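So the structure is just underneath, and the comments pick up after that.
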Amino acid sequence: MLLDFRAGDDLPPADLIIIGAGAAGLTLARELADTDLRVLILEAGARDLDKGLLGHEAPGLPYRGATSVGRIKAFGGSTLSWAGQSLEISKNVYGPRPWIRDADWPIGPEDVEPYYGRALKAMNVPDLQIADSPWADGWPEFDQDQLSMTASMWSAQPNLAEEHEPWLSNSRNVHCAIGAAVVRINIGARAESVVVRTLEGREVTVEAERIVVCSGGIEAPRLLLASGLGDPLPWTGKGFHDHVSIICAEIIPNDRKEFDEIFQNWYSDGGKLMPKLLLSAEKQEAEKLVEVGGHMVFGASGGFEALKGLRKAKSIKDATPFAGQALKSLPEAAAAAVAAGIKGRSYAPANSKIEFEALCEQSPHNGSEVRLSNRKDEFGMPLPIIDFKIGDETQKSITVLMQTVSEQLKGLAEIRIYEDRLSSQQEFHRWAGDIYHPMGATRMSANPEDGVVDKNLQVHGVDNLFVASTSCFPSGGWSNPTYAMLALVCRLADQIKK
Ligand SMILES: Cc1cc2nc3c(=O)[nH]c(=O)nc-3n(C[C@H](O)[C@H](O)[C@H](O)COP(=O)(O)OP(=O)(O)OC[C@H]3O[C@@H](n4cnc5c(N)ncnc54)[C@H](O)[C@@H]3O)c2cc1C
115 MLLDFRAGDD LPPADLIIIG AGAAGLTLAR ELADTDLRVL ILEAGARDLD
165 KGLLGHEAPG LPYRGATSVG RIKAFGGSTL SWAGQSLEIS KNVYGPRPWI
215 RDADWPIGPE DVEPYYGRAL KAMNVPDLQI ADSPWADGWP EFDQDQLSMT
265 ASMWSAQPNL AEEHEPWLSN SRNVHCAIGA AVVRINIGAR AESVVVRTLE
315 GREVTVEAER IVVCSGGIEA PRLLLASGLG DPLPWTGKGF HDHVSIICAE
365 IIPNDRKEFD EIFQNWYSDG GKLMPKLLLS AEKQEAEKLV EVGGHMVFGA
415 SGGFEALKGL RKAKSIKDAT PFAGQALKSL PEAAAAAVAA GIKGRSYAPA
465 NSKIEFEALC EQSPHNGSEV RLSNRKDEFG MPLPIIDFKI GDETQKSITV
515 LMQTVSEQLK GLAEIRIYED RLSSQQEFHR WAGDIYHPMG ATRMSANPED
565 GVVDKNLQVH GVDNLFVAST SCFPSGGWSN PTYAMLALVC RLADQIKK
């Protein structure tokens, strides 16, 4: 049942408290629906997007993930803002990678991959197979020791608030209270209770047998720090990283039609596959690099965007501006309709620009950190200081990637690297930035000296407190992180059920 703590609803007794109703919290709750557990989700935000309450200090580089686009306080969390792109974590990323300090995971692919099926369902990603795709006969043949091709999978329905509200409203054992911000977890030998507050000053303390923090990659470390875990677990807030993205080359295809056939997205069952290039694990190891890859960015087509808008519109009012746009660029819209409708491909006009966007892992020792400020937010909670840095490992890895892409795509295209953007640290920092994937600040480790949670996501030394978030990733590879995070959530759900 959905409750509104701000409107005066009381919080029911619970065996398990989940803090946060984003992808992690909602997926965990649904996994536990219809069990004997009384589950209470405490969500700080309201039913709709609330752009307030996002104060922070940023002494380092600008961090987009901390802004109102990246740090969403609402039922559904960041899924109100994302598009639901998913990629498996590469096997080599789990480690050992001795050339990247503290990057190894205490678990391996065998602990995550069995849960990918449930994670895909939780994200509404259709199970699209390469065998059924335009690439069924294979990708271009690159030297596998240098570069490989793969495809990311995209959600058919990324807004998880819409997905979860109906079942939650009727649930027998799961309650979700919106407007209920947890400002502290009272921790002794165990996590005893949580303090819940509203903006208007209503405050209640709630106890539960188990508490799972699902408040996101920044708010999870912030809440643990505010609850006093920074001293016993000094990694709390440290090891913070994201993916660094930069548009770093123009691509001039030899044969534009052939190039588009290879690199344009493929749509099916409401989802899509996006072709990607990845620097091989062998090359990463040989050159001591972090994981790095990227994809083509085709110049926008007004006609194709209009078609996409028309497809998603839920009312005539929503559809009207897109219909107008389609009419204005009729020949393009017709070409896009043929590409999309007949072949299921995305479309860009033949003379549109193509660029390459690199996506790069950061080392856990890139210098970034989440700390607490002396200043407080509207709930009386210390503001987070999000000190985002970009280390030299990303610039080096992206430079090698681009040289490799240039060599391997010979015959298909000329790669005009934007050398100025990669030439100095200052220029690189001007053009590069995060992509809203906060990870690492409550990292997973075998021992308390090396991290914050153990391999079962339990906070070291506190046997009934768990964190389920991308903040548990010791390292992130190049993959969009929510897929593996939700696999870990499903794994945690199974442990709780046992
Ligand atoms: C623009 C954008 C695009 C993205 N694209 C992708 C993508 O394509 N693929 C991908 O894998 N990832 C993507 N991401 C990242 C992805 O959205 C997150 O990894 C994922 O949604 C995290 O889910 P979560 O539940 O852990 O955290 P969140 O979505 O942050 O949810 C946490 C919830 O907890 C609540 N909360 C926070 N603090 C408290 C508190 N103290 N008390 C109570 N409640 C609290 C928040 O209000 C929020 O609802 C994108 C993110 C953005 C912003």
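Residue 612, in my numbering, is where the sequence shown stops; the numbers in between run on with no holes. C-beta atoms are modelled at their ideal positions from N, C-alpha and C, and glycine is treated no differently. Predicted model, so just to flag it, every value in this text is computed and none were measured.
(message) List, from N- to C-terminal side, the alpha helix (DSSP H) runs of 4 residues or more that fit wholly inside the stretch 417-453.
(response) 430-442
(request) Rounded to whole angstroms, what's the CA-CA distance from ASN273 to THR596? Just pull it up for me. (result) 13 Å
(request) Please report how far the alpha carbon of GLU471 lies from the alpha carbon of VAL603, in whole angstroms. (result) 30 Å
(request) Rank PHE373, LYS442, CYS362 by C-alpha distance to the C-alpha of GLU469 and give the top, closest one. (result) CYS362
(request) Given a cut-off of 8 Å, decide if SER200 and SER266 are closer than it, judged by their beta-carbon atoms. (result) yes
(request) Classify GLU563 as helix, strand or coil using the three-state DSSP reduction. (result) helix
(message) Using 8 Å as the threshold, is the C-beta distance between GLU277 and ASN238 below it?
(response) yes
(message) Considering Cα atoms alone, identify which of GLY407, GLY222, HIS357, ARG530 is closest to PRO367.
(response) ARG530
(message) At a threshold of 7 Å, does GLY159 count as lining ligand 1 (C-beta to nearest heavy atom)?
(response) yes
(message) Taking the straight line between their C-alpha atoms, what separation do you get for SER182 and LEU116?
(response) 24 Å
(request) Quick one: grab the DSSP three-state call for ILE365. (result) strand
(message) DSSP three-state label for GLY342, please.
(response) coil
(request) Would you mind giving the Cβ-Cβ distance between LEU393 and LEU515, rounded to the nearest angstrom? I have them listed as a contact below 8 Å. (result) 5 Å
(message) Going by DSSP in three states, ARG316 sits in which element: helix, strand or coil?
(response) coil
(message) I'd like to know whether the C-beta atoms of HIS479 and ARG215 end up nearer to each other than 8 Å.
(response) yes
(request) Check the DSSP bridge columns for TYR381 and list the partner residues they point to. (result) LYS386
(request) Starting from SER283, trace the alpha helix (DSSP H) both ways and give me its first and last residue. (result) 274-283
(message) Does the beta-carbon of HIS543, which I'm using as the reference point, lie nearer than 7 Å to any heavy atom of ligand 1?
(response) no
(message) Nearest by alpha-carbon distance to ALA453: which of GLY184, LYS371, TYR550 is it?
(response) LYS371
(message) Using a Cβ distance threshold of 8 Å, determine whether the stretch 582-600 contacts the stretch 225-242, with at least three qualifying pairs required.
(response) yes
(request) Can you grab the Cα-Cα spacing for the pair LEU156 / LYS426, in whole Å? (result) 31 Å
(request) Would you tell me roughly how many angstroms separate the C-alpha atoms of GLU364 and LYS235, rounded to the nearest one? (result) 36 Å
(request) Since I believe GLU475 is in contact with VAL406 (beta carbons under 8 Å), could you give me their beta-carbon distance rounded to a whole number of angstroms? (result) 7 Å
(message) Using 8 Å as the cut-off, can you tell me whether the stretch 301-311 makes contact with the stretch 550-565, which would need three or more C-beta pairs spanning the two stretches below that distance?
(response) no
(message) I'd like to check one pair, GLY413 with ALA462: are the Cβ atoms closer than 8 Å?
(response) yes
(request) Look at the alpha carbon of PHE436 and the alpha carbon of ILE360, and state the distance between them as a whole number of angstroms. (result) 30 Å
(message) Would you call the stretch 239-255 in contact with the stretch 285-305, where contact means no fewer than 3 C-beta pairs closer than 8 Å?
(response) no
(message) Applying the 10 Å Cβ sphere with the 16-neighbour rule, what's the burial state of PRO212?
(response) exposed
(request) My understanding is that LEU125 touches VAL310, with C-beta atoms under 8 Å, so please give their C-beta distance in whole angstroms. (result) 7 Å
(message) Tell me whether LYS397, by its Cβ, gets closer than 7 Å to a heavy atom of ligand 1.
(response) no
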